[in-house]
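J.: Residue numbers (the numbering used here), protein chains in the order written: chain A, 71 to 173; chain B, 145 to 302. Let me give you the structure first, and then I'll get to my questions.
Given below as structure tokens:
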């Protein structure tokens, strides 16, 4: 379950990476073309940019919050597991030492 | 695709995307600053020959500085009499200097004929309005600015 979700997050990170690399240039080029051919006004381009920027910021913010929350939970669980294993190893080592001393 | 080529493409797209983002942010801020700016700053308009005698024109003087390159497309005044009547002032007998340079306070003056419906005379408050086309970097925008409450005193014209 965790592995599946981890892979999902890795894919989402890849998508964000691609989005961050492509969107600014794509928007700049398309806005320039729309303005050169007088299809939209400068004000419209400005508003489209603002809406796109705000939408991206909000979506990214919530995605980051949920992902960090998930990662922290996973990290805590892993840390707890490692701690338990360490305790058990210590206990087994002590038992082995006792056994060694008895013999 | 070899790893070297992949990393090279990734680095190039990162640089292009960074430059595009910077350009978008700089142009966005520049546009907002241009959009919110008034045409004239530190502006003062006065009528210098109050009271206006018979056959005289109304002489205006103005001083102000422009932040951006702006050319006027239409300039007119509305005179409000004390009884609430409106009189449009748009008959220039002496033209103002158009398209004054931006950045420094430049005096400007013009004269307007007394409208026919102002023949009775009296005291008026004039609002001068200018419509402009302003340019800044790659941006162009139509703007309008009004200067209110210019005192006009007209003597009876008959």
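We put the beta carbon where it would ideally sit given N, CA and C, even for glycine.
Run down chain B in chain order and give the residues with a C-beta less than 7 angstroms from the C-beta of residue 95 of chain A.
T.: Locating residue 95 of chain A in the first chain gives position 25, where the first residue counts as 1. Within chain B, the residues near residue 95 of chain A are 160, 161, 164.
J.: Please state whether DSSP places residue 183 of chain B in a helix, a strand or coil.
T.: For this step, residue 183 of chain B is matched to residue 39 along the second chain. Looking at residue 183 of chain B - three-state DSSP - the assignment turns out to be coil, as it is neither helix nor strand.
J.: Can the beta-carbon of residue 233 of chain B be found closer than 8 angstroms to that of residue 187 of chain B?
T.: Working through the second chain from its first residue, we reach residue 233 of chain B at position 89. Working through the second chain from its first residue, we reach residue 187 of chain B at position 43. Contact: no.
J.: So residue 152 of chain B contacts chain A; which residues on that side make the cut at Cβ distance below 9 angstroms?
T.: Against the second chain, residue 152 of chain B aligns to sequence position 8. Here the premise fails: no neighbours, minimum Cβ distance about 14 angstroms.
J.: On a Cα-Cα basis, can you pick out the residue from B/156, B/195, B/170 that is closest to residue 258 of chain B?
T.: Mapped onto the second chain, residue 258 of chain B falls at position 114. Measuring from the Cα of residue 258 of chain B, the nearest candidate turns out to be B/195.
J.: Taking the alpha-carbon positions, what's the residue 231 of chain B to residue 273 of chain B distance?
T.: Sequence index remark: in the second chain, residue 231 of chain B carries index 87 (1-based). Sequence index remark: in the second chain, residue 273 of chain B carries index 129 (1-based). Roughly 14 angstroms between the two C-alpha positions.
J.: Residues of chain B with CB under 9 angstroms from residue 148 of chain A, in chain order?
T.: The residue you call residue 148 of chain A lines up with position 78 of the first chain. The premise fails here: residue 148 of chain A is roughly 30 angstroms from chain B at the closest Cβ pair, so nothing lies under 9 angstroms.
J.: Determine the chain B residues that contact residue 90 of chain A at a beta-carbon separation under 8 angstroms, and present them in chain order.
T.: What you label residue 90 of chain A is simply residue 20 of the first chain in a count that begins at 1. In chain order: 161.
J.: Measuring only from the beta carbon, is residue 100 of chain A closer than 7 angstroms to any heavy atom that is part of the ligand GDP?
T.: This structure lacks the ligand GDP, and indeed carries no ligand of any kind.
J.: Are the C-beta of residue 151 of chain A and some C-beta of chain B separated by less than 8 angstroms?
T.: In the first chain, counting from the first residue as 1, residue 151 of chain A sits at position 81. It does not: the Cβ of residue 151 of chain A has no partner Cβ on chain B nearer than 8 angstroms.
J.: So residue 246 of chain B and residue 210 of chain B are supposed to be a Cβ contact under 8 angstroms. How far apart are they, rounded?
T.: Residue 246 of chain B sits at position 102 when you count from the first residue of the second chain. Residue 210 of chain B sits at position 66 when you count from the first residue of the second chain. Correct: roughly 4 angstroms between the Cβ atoms.
J.: Starting from residue 104 of chain A, follow the alpha helix (DSSP H) in both directions and report where the run begins and ends.
T.: The residue given as residue 104 of chain A occupies position 34 in the first chain. Run containing residue 104 of chain A: 72 to 106, per the alpha helix (DSSP H) assignment.
J.: Give the secondary structure of residue 209 of chain B by DSSP, where H, G and I count as helix, E and B as strand, and everything else as coil.
T.: To locate residue 209 of chain B, count along the second chain from 1; it is residue 65. Note: residue 209 of chain B maps to strand in three-state DSSP.
J.: Whose Cβ in chain A lies nearer than 8 angstroms to the Cβ of residue 283 of chain B?
T.: Working through the second chain from its first residue, we reach residue 283 of chain B at position 139. Within chain A, the residues near residue 283 of chain B are 112.
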